[in-house]
Structure formats: structure tokens, C-alpha cells
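First the structure, in the form of C-alpha cells, and then the observations on it.
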Amino acid sequence: MKKFLILLLVVFFGLFHAQKKLPSERLLDEIQQMRQNENNLKIVWWIPADYWELAIKENGQATPEEIAYLKSILEKYTI
Numbered sequence: 007m008k009k010f011l012i013l014l015l016v017v018f019f020g021l022f023h024a025q026k027k028l029p030s031e032r033l034l035d036e037i038q039q040m041r042q043n044e045n046n047l048k049i050v051w052w053i054p055a056d057y058w059e060l061a062i063k064e065n066g067q068a069t070p071e072e073i074a075y076l077k078s079i080l081e082k083y084t085i
């Protein structure tokens with residue numbers, strides 16, 4: 007019974023912790039892929055303008071006008 011309760015607490019803590027991610031962190035999980043073995047590390051990261059918009063909004067140091075301006079510039083490019 008004690009092992010079951012510990013397992014249950016671990017599972018619920020993991021679910022609770024996972025729900026605290028910021029929107030940019032959840033998006034990052036989708037747009038970044040990483041593979042690693044003993045000899046190398048491979049990262050593929052597609053960075054859409056929406057990611058920058060979310061990240062800058064969460065930072066809280068840019069005005070909505072600055073965010074819109076930056077997004078209008080970045081939408082033209084694939085990074």
C-alpha cells in the first residue's frame with residue numbers, strides 16, 4: 007500500500023509540474039527535436055514567428071507595438 011501511494015504521488019506531481027509550463031515552453035516542445043547518443047548530439051529547431059511573439063510577451067519588456075513590428079519582420083523568414 008505504501009509503494010502504491012508513493013507511486014501515485016510521483017505520478018500526480020509529474021502531471022502537476024507538467025501543467026506549469028509557459029505557452030512558449032509548450033510550443034518549444036513541438037518545434038525542437040533532439041537526439042543524443044554517446045558520440046554526438048543532433049538538434050533540429052524550427053523557429054516560427056509565433057514562438058518569438060510568445061517568448062517576448064512572456065518576458066514582459068516589450069510593448070504590443072514592438073512585438074507586432076518584430077513579428078512582421080520575422081514572418082518573412084524561415085529559421
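Numbering-wise, the sequence shown is residues 7 to 85 according to my numbering.
C-beta atoms are modelled at their ideal positions from N, C-alpha and C, and glycine is treated no differently.
C-alpha distance - residue i paired with residue j, whole-angstrom precision
i, j, result
"W51", "S30", "14 Å"
"E72", "D35", "26 Å"
"Y57", "K27", "14 Å"
"I85", "R32", "18 Å"
Nearest-angstrom Cβ-Cβ length linking residue i and residue j, presumed shorter than 8 Å
i, j, result
"I62", "A55", "No, I62 and A55 are not in contact; Cβ-Cβ is about 11 Å, not under 8 Å."
Of the listed residues the options, nearest to residue i (C-alpha basis)
i, options, result
"E59", "Q42, N43, S78", "S78"
"L80", "E64, N45, I53", "I53"
query = Which ranges does the alpha helix (DSSP H) cover as unbroken runs of at least 4 residues, wholly within the stretch 39-70, from first to last along the chain?
reply = 55-65
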